[in-house]
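Chains as they are written, first to last, in the numbering used here: chain A, 22 to 245; chain B, 8 to 176.
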């Protein structure tokens with residue numbers, strides 16, 4: 022019987038490690054899926070910028086399959102680096118190794134390192150994709166959670182008011198939400214999304230005091 | 008790669024992302040903010056609310072589906088280029104209820120206030136060459152830049168005048 026998709030969002034780096042070491046197969050699978058949803062696309066876009074002829078999807082797929090390897094996570098913890106930079110470097114090393122192996126098979130020289138110089142736009146492409154997939158994953162999780170509790174209208178109110186800028190008097194009544202309580206509902210939904218983001222940003226070594234500034238920075242990667 | 012992961016790579020830390028988002032990226036990499044449903048940009052802006060810097064707020068809004076309607080609303084309430092209005096009156100207005108942009112205003116009103124102000128400065132610079140403003144032209148340039156692709160044709164020269172002025176330091 023297939024495992025049902027749950028609505029949890031990776032809560033924090035500490036819990037990642039606990040699940041990686043002692044979690045059940047279902048918990049591990051769920052966490053790996055959550056992390057893959059955030060980091061897969063940025064890694065793909067990053068590796069594409071190297072212009073290698075190899076299948077970068079295969080490289081990223083393998084990396085995501087090992088994302089909860091305790092040795093991998095321990096190495097990341099010791100590095101004290103943001104998780105995404107650790108993953109990015111891992112992806113680049115994996116790509117280099119595969120290029121080396123291919124050259125050996127072809128009897129060519131082992132000068133893969135020289136050929137894999139990071140272009141100026143590589144990091145920007147990565148950060149832009151990371152900013153997008155992070156907020157998308159957090160908002161999807163919040164939406165699913167509310168819908169599973171029969172509170173989908175609260176998500177819709179948040180979108181109509183906070184995203185589309187419609188006044189409460191216009192968007193709350195059609196959703197069955199009293200105008201008087203609309204402000205509190207929106208604040209609660211906003212809090213859900215922020216909590217989801219906080220969990221991941223703790224693994225990215227973002228201190229609570231810097232949280233808002235980090236959101237501005239993530240947004241700036243996406244600005245037109 | 009070993010199971011323990013990669014060695015730290017100092018270059019990752021040292022390099023800045025000076026090239027800017029999407030610069031020279033593969034075509035699929037430039038669609039990050041253009042997906043179905045609310046854009047990622049708009050979701051971040053919604054989370055930040057009043058704490059979002061005006062420049063980013065305006066850029067975000069002007070990239071949204073609402074941008075055309077918002078600009079029409081704002082620009083229709085202003086004198087058009089070529090129709091000389093009493094700028095003293097406009098200057099006085101900006102100190103009234105619709106003048107300076109206040110942080111506590113709702114996002115759309117804040118955006119409208121900034122757009123209106125930029126448009127007035129642009130018009131004044133275009134037609135008179137001067138604008139009595141306490142805000143430096145450089146501060147208004149990012150907003151003028153964001154408005155430029157979507158304003159009606161008659162406003163483009165005015166905004167370009169503001170941008171040209173902003174670049175003279």
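Using N, Cα and C, we set each Cβ at its ideal position, and we do this for glycine too.
In this structure, the CA atom of residue 140 of chain A is about 28 Å from the CA atom of residue 51 of chain B. Contact residues of the stretch 55–67 of chain B toward chain A are 55, 56, 58, 59, 60, 63, 66 and 67 (C-beta to C-beta distance below 8 Å). At a cut-off of 9 Å, the C-beta of residue 157 of chain A has a neighbouring C-beta in chain B. Contact of residue 47 of chain B with chain A is assigned, a C-beta pair being separated by under 9 Å. Shown here, residue 185 of chain A sits in coil according to DSSP, grouped into three states, outside any helix or strand. By the neighbour-count criterion, in which a residue is buried when 16 or more other Cβ atoms sit within 10 angstroms of its Cβ, residue 182 of chain A is buried. Counting only runs of at least 4 residues, the stretch 101–142 of chain A fully encloses the following alpha helix (DSSP H) elements, listed from N- to C-terminal order: 104–127 and 133–136.
Membership of residue 163 of chain B in the alpha helix (DSSP H) is indicated by the continuous run 160–173.
At least one CB of chain B lies nearer than 9 Å to the CB of residue 160 of chain A. Three or more Cβ pairs drawn from the stretch 70–90 of chain B and the stretch 154–174 of chain B lie within less than 8 Å of each other, which places the two stretches in contact.
Restricting attention to B:47, B:53 and B:58, the CA atom closest to the CA of residue 233 of chain A is found in B:58.
Under a criterion of Cβ atoms nearer than 7 Å, no residue of chain A is adjacent to residue 170 of chain B; the nearest Cβ is some 16 Å distant. Segment contact: the stretch 69–80 of chain A against the stretch 183–195 of chain A, fewer than three CB-CB distances shorter than 8 Å; contact not assigned. What residue 220 of chain A touches in chain B, judged by beta-carbon distance under 7 Å, is nothing: the nearest beta carbon there is about 14 Å away. Per DSSP, reduced to three states, the secondary structure at residue 71 of chain A is coil, with no helix or strand assignment. Interface residue (Cβ-Cβ distance to chain A less than 9 Å): residue 148 of chain B is not classified as such.
Residue 214 of chain A belongs to the set of residues whose beta carbon lies under 9 Å from a beta carbon in chain B.
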